[in-house]
Amino acid sequence: MTFALLCMVAQGALAQTSGYPELDDMVPVWKAAQQTTFGYPASQNSLLAHFYEWYVASGMDVVNLNNAGDPMTDEPSTLSTQKFERQVIEFFAPLYDFSLDDVWGIVTHSGTDGNNHGIYFGVNYLRNKTQMEPVLYVSDEAHYSNMRLAHLQNLEMRLVASDSMGRMIPDSLEKVLVTSRPALMVYAMGSTFKGAIDDQKALNAVLDAHPEIPCVYRHVDAALFGGYLPFTPYRSLVSRDTMRYESIAVSGHKFFGIDSPCGLFICTRDVYDKQVDYNVTYLNSNMRMINCSRDALDPLKFWWLIKYHGYEGWVYQADQLFHQRDYLKHQLDSIGWPCWVNDYSNTVFFRRPSQQVVSKYTLAQGYDERFGGDLAHVVVMQHVSKEKIDMFIADLTEEQGVSVSWDSLFVDKVRAWRDGDGNIEHAGNTRDGITVTFDGPGKYCGFSYGEIYFYKADAKLTFTSTVGNISRIEISGTQVRTAYPDGWTWIPEQQVDVSQYRGKLIWEGTPAASVVMNGSDETIDIKDISKIVFTINGKPTAIRNISQGQSQPRKLMKDGQLLIRHNDKTYNAAGIEVY
Numbered sequence: 001m002t003f004a005l006l007c008m009v010a011q012g013a014l015a016q017t018s019g020y021p022e023l024d025d026m027v028p029v030w031k032a033a034q035q036t037t038f039g040y041p042a043s044q045n046s047l048l049a050h051f052y053e054w055y056v057a058s059g060m061d062v063v064n065l066n067n068a069g070d071p072m073t074d075e076p077s078t079l080s081t082q083k084f085e086r087q088v089i090e091f092f093a094p095l096y097d098f099s100l101d102d103v104w105g106i107v108t109h110s111g112t113d114g115n116n117h118g119i120y121f122g123v124n125y126l127r128n129k130t131q132m133e134p135v136l137y138v139s140d141e142a143h144y145s146n147m148r149l150a151h152l153q154n155l156e157m158r159l160v161a162s163d164s165m166g167r168m169i170p171d172s173l174e175k176v177l178v179t180s181r182p183a184l185m186v187y188a189m190g191s192t193f194k195g196a197i198d199d200q201k202a203l204n205a206v207l208d209a210h211p212e213i214p215c216v217y218r219h220v221d222a223a224l225f226g227g228y229l230p231f232t233p234y235r236s237l238v239s240r241d242t243m244r245y246e247s248i249a250v251s252g253h254k255f256f257g258i259d260s261p262c263g264l265f266i267c268t269r270d271v272y273d274k275q276v277d278y279n280v281t282y283l284n285s286n287m288r289m290i291n292c293s294r295d296a297l298d299p300l301k302f303w304w305l306i307k308y309h310g311y312e313g314w315v316y317q318a319d320q321l322f323h324q325r326d327y328l329k330h331q332l333d334s335i336g337w338p339c340w341v342n343d344y345s346n347t348v349f350f351r352r353p354s355q356q357v358v359s360k361y362t363l364a365q366g367y368d369e370r371f372g373g374d375l376a377h378v379v380v381m382q383h384v385s386k387e388k389i390d391m392f393i394a395d396l397t398e399e400q401g402v403s404v405s406w407d408s409l410f411v412d413k414v415r416a417w418r419d420g421d422g423n424i425e426h427a428g429n430t431r432d433g434i435t436v437t438f439d440g441p442g443k444y445c446g447f448s449y450g451e452i453y454f455y456k457a458d459a460k461l462t463f464t465s466t467v468g469n470i471s472r473i474e475i476s477g478t479q480v481r482t483a484y485p486d487g488w489t490w491i492p493e494q495q496v497d498v499s500q501y502r503g504k505l506i507w508e509g510t511p512a513a514s515v516v517m518n519g520s521d522e523t524i525d526i527k528d529i530s531k532i533v534f535t536i537n538g539k540p541t542a543i544r545n546i547s548q549g550q551s552q553p554r555k556l557m558k559d560g561q562l563l564i565r566h567n568d569k570t571y572n573a574a575g576i577e578v579y
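Residue numbers (the working numbering): 1 to 579.
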C-alpha cells in the first residue's frame, strides 16, 4: 500500500464530519437509538469494521461488482463474488441437513426475497409435477410478506388459524385443505410478533393423512430463528431430514448482524431443476431465479463473518440469546408485569407499557384480546445486554408507581397438600385454562407467583380458578412459608406482614355474577362489564377482561381500589363512583 493511500485511509478514519450537516446531525440520533432498540430482530453488534477497513484500503470501494447469474452452476463473472456466494451456501446448507450433492441456493436481498423465491419455486415445482395450480397455506400469525407475495403471484391462499401463542393449528389446516389440488405450505419458524414455531411434524401428519393430495411443497420462513437454531441443541427444528421441507429462507441482517438487509435461500437441486428455464445468452446463464442483478457485497460480508466467528462463535452467541431472554422474562415476572415467551424463542411479549417507554426502546406493538389487548415485545438480540434489560425494567417499575414482586396476585400455579402427609393433592397452571379448586383446612396449602411459592401453615385457603379467572380468594393464618429457587424458608408473620392480606380482599362470584369488595355493602352485576381491576392495599394485581363468561389476564394498575369498567365508565366498587 502506498504512503498516500495510507494517509487517505487514516484521514477517513479520523474524519468526524461528512461536510453535509443534515447527514452529520443524524449520526448521534442513530447512535443513541442503537443503544435501546429492543423491538425488532436486528443485531446491533455488527462486527464488520475490519471488513470495511479492508474494503477501502484495498481499493475495492471503487470496483463495481455484480452477482448476476447462478452461483451454483455457471462459470462466475470475473467482476462478481459468486465464488464466495457458493462457499457461503455450502457452509450453511449442511447446518439445515441439505446434502452438498443435492443443494442449490443464493444470497438474497432480504427475508422477503427469500420467501418470494420459496413461494415462486414451490409453485413451479408443483406445476411441473402435477400440471395443476396449487393452493398456498400460511398461518394468520406468519410474516405479512407471505400474504403479500401470494397476492403478488396471484395465488389462491388459505389463511390458517393459529393458537393463542401464534402456532398454526393442525385441526384448522385440516378444515381448509383442498385435497384435490397441490399444497404449497409456508411454515413459520418464528412468527413475527409472538415468536412461535409452527409444529411441522403435526402439520405434516395432517398432510400425510390425505394421500389424495397430488403433491406437497414445504417452504420454511426462518428469517430469525433459522439464524440461531442451527447453533443450539435444538438444531433438529430446522433440519430438512427431520421436518421434510423443500426450501428455507433465513435473514442475514438479523442474528448474523450484517448491516444491510440480506439473507439466504436454500433448496434442493431437484427443486431448482424443476423451475422454468430462461436461457440468457448475454449472461451465458440459465436464469431460473427471480432476480437478475444481485448484491455482490453481501456474500462477501457473510463469508467474512464465517471466517471471523466460525461455528463456535455463533454457538456462543445463540447461547447468550437464551440466557438474556430468560433474564428478561424473570425480571418481568419479578415486578408482576404479565409476559409470555414461546419455546425456543428469543421474543418476549408482554402487556404494552406507556408510549414513552415504547418509543424509548423502539418496541414493536401488537394486539390480542386473548392476552388482554394491547401488547408489545422485545426481541432479545446480541446487543440486548443484562445492563440494558435492568434499565428497561427500572423504567417499567417507575411507570407502575410501585415496586411489585411476589405479592402480586397474578397466580401461575396452584398447589394443595393433604393434611400433614406432604403429598400434592392438585397442581395446575391457570394460564393453561386448567380448573383448580381446593378448600382447606389442610395443614399446608398455598399458591405460587412465578418462581416464588407462598404457603400458609395452620391456614385455610380457598382458591377457585377457571381459565385464568380467580373467582374467590380468602387468606387467613398466622405463619407463611416461602420457597425461592434455592430452597425453603420459614418466615415469621411480622417479616412478611401477612395481616395486610388477611381479610383485606374477598372477591366472590363469576364473570356472570357479581363482585364484592371487603368492607363494602355494594354488589355489582358484572355480566356485561368489560374490565375488572383489583388490588390489595394499593399494590397492583391482575386486571381481567370479561367476555362471554371468561376472563383473561390484562395488566397492572397503580390504583389501590377495585375498579369496574362498564359502558366506557369507570366505577369504584366501594362507592360506585363514576370518575
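Glycine included, C-beta positions come from ideal geometry on N, C-alpha and C. These figures come from a predicted structure and were not determined experimentally.
- Residue pairing by DSSP places C339 opposite F350 in a beta bridge.
- Residue pairing by DSSP places E156 opposite V135 in a beta bridge.
- When beta bridges are read from the DSSP output, V186 appears opposite H219.
- For the pair of segments examined, the segment 116–131 was found not to touch the segment 88–100: the number of CB pairs separated by less than 8 angstroms stays below three.
- Classified as buried, T108 has 16 or more neighbouring CB atoms from the shown chains inside 10 Å of its CB.
- Separation of H383 and R352 (C-alpha to C-alpha, rounded to the nearest whole angstrom) is 22 angstroms.
- One alpha carbon belongs to S359, the other to G39, and they sit about 10 angstroms apart.
- Around the Cβ of Q355, a 10 Å sphere holds fewer than 16 other Cβ atoms; the residue is exposed.
- The secondary-structure analysis by DSSP pairs T108 across a beta bridge with G263.
- Straight through space, the alpha carbons of D24 and A142 are spaced by roughly 38 angstroms.
- When secondary structure is reduced to three states using DSSP, H50 falls in the helix class.
- The beta carbon of P261 sits closer than 6 angstroms to those of S110, H253, all from its chain and outside the five residues before and after it, given in chain order.
- G114 sits close to F265, with the two beta carbons spaced by under 7 angstroms.
- Counting only residues of its own chain and dropping the five nearest sequence neighbours on each side, L100 has a CB closer than 8 angstroms to the CB of E90, A93, P94.
- Pairing Y137 with N146, the inter-Cα distance amounts to about 10 angstroms.
- 7 angstroms or more divides the Cβ of S172 from the Cβ of A183.
- Annotation: the continuous alpha helix (DSSP H) that includes Y272 extends over 269–273.
- With distances taken between CA atoms, T36 lies nearest to M391 out of P214, L155, M391, P233.
- Counting only residues of its own chain and dropping the five nearest sequence neighbours on each side, A222 has a CB closer than 8 angstroms to the CB of M189, G190, L229, V238, I248, A249, V250.
- The shortest C-alpha to C-alpha distance from L396 to any of Y361, M381, F371, V379 is the one to Y361.
- Counting C-beta atoms within 10 angstroms of its own C-beta, R148 has fewer than 16 neighbours from the protein chains shown and is therefore classed as exposed.
- DSSP places L305 outside any beta strand (DSSP E); the residue lies instead in the alpha helix (DSSP H), whose first and last residues are 297–334.
- Within a 10 Å sphere around the beta-carbon of H117 sit 16 or more other beta-carbons, which makes this residue buried.
- In this structure, the straight-line span from the alpha carbon of E398 to that of W337 is close to 12 angstroms.
- Secondary structure note for G366: its beta strand (DSSP E) is the uninterrupted segment 364–368.
- Per the C-alpha coordinates, the member of G313, P76, V103, N64 positioned closest to F256 is G313.
- Close CB contacts of Y308 within its chain, under the 8 angstroms cut and outside five residues either way in sequence, are with L47, H50 (chain order).
- Straight-line spacing of the CA atoms in T81 and D273 works out to 23 angstroms.
- In this structure, E174 places its C-beta atom within 7 angstroms of the C-beta atom of V206.
- Rounded to the nearest angstrom, the gap between the Cα atoms of T268 and A150 is 22 angstroms.
- Judged by their CB atoms, H210 and T179 are nearer to each other than the 7 angstroms cut-off.
- As for any alpha helix (DSSP H) of minimum length 4 sitting wholly inside the segment 67–93, the runs are 82–92, ordered along the chain.
- Taking 7 angstroms as the cut-off, the Cβ atoms of L321 and N342 do not count as close.
- Sorting P21, E212, D140, A202 by C-alpha distance to the C-alpha of K194 places D140 at the top.
- In terms of Cβ geometry, V135 and R181 form a close pair [threshold 7 angstroms].
- Relative to T73, the option among N128, W104, V62, N66 whose CA is nearest is W104.
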